[in-house]
Amino acid sequence: MGIGVSVFLIAVGAILAFAVDATTEGIDLDTVGVILMIVGAIGLLASMLFWSSASPWGGGRRDDVVVRDREVL
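Quick note: the sequence shown uses our numbering, first residue 426, plus one each step.
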């Protein structure tokens, strides 16, 4: 799950939890909203933790650089 999907889940969850005033039978929209916000927050934290190590653009340490010495004539 990427950062964009996580932010989207947090936003949809917040809308369901705080802005929707509908009542339904068999499902509580407030609970669904809170669950979506929690899942989005966990996904956002996981994306932030692994972003620098898994991303090719991250600023993590690169130990796979190979340097060769050449003899200059």
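All C-beta atoms in this analysis are idealised placements derived from N, C-alpha and C, irrespective of residue type, glycine included.
For residue i and residue j, what's the separation of their Cα atoms in angstroms?
{"i": "LEU434", "j": "GLU450", "result": "23 Å"}
{"i": "GLY468", "j": "VAL437", "result": "14 Å"}
{"i": "VAL432", "j": "ALA447", "result": "23 Å"}
{"i": "VAL445", "j": "ILE460", "result": "15 Å"}
{"i": "VAL492", "j": "MET426", "result": "36 Å"}
{"i": "VAL497", "j": "PHE475", "result": "43 Å"}
Using beta-carbon positions only, say whether residue i and residue j come within less than 8 Å of one another.
{"i": "ALA442", "j": "ASP455", "result": "yes"}
{"i": "LEU473", "j": "ALA439", "result": "A quick correction: the sequence has Met, not Leu, at residue 473. Against a cut-off of 8 Å, the Cβ pair of ALA439 and MET473 comes out as no contact."}
Which word fits residue i, buried or exposed, when buried means at least 16 other C-beta atoms lie within 10 angstroms of its C-beta?
{"i": "GLY458", "result": "buried"}
Using CA atoms only, rank isn't needed, just tell me which of the options is closest to residue i.
{"i": "VAL430", "options": "ALA447, ALA471, ASP453", "result": "ALA471"}
{"i": "ILE428", "options": "LEU498, VAL491, VAL464", "result": "VAL464"}
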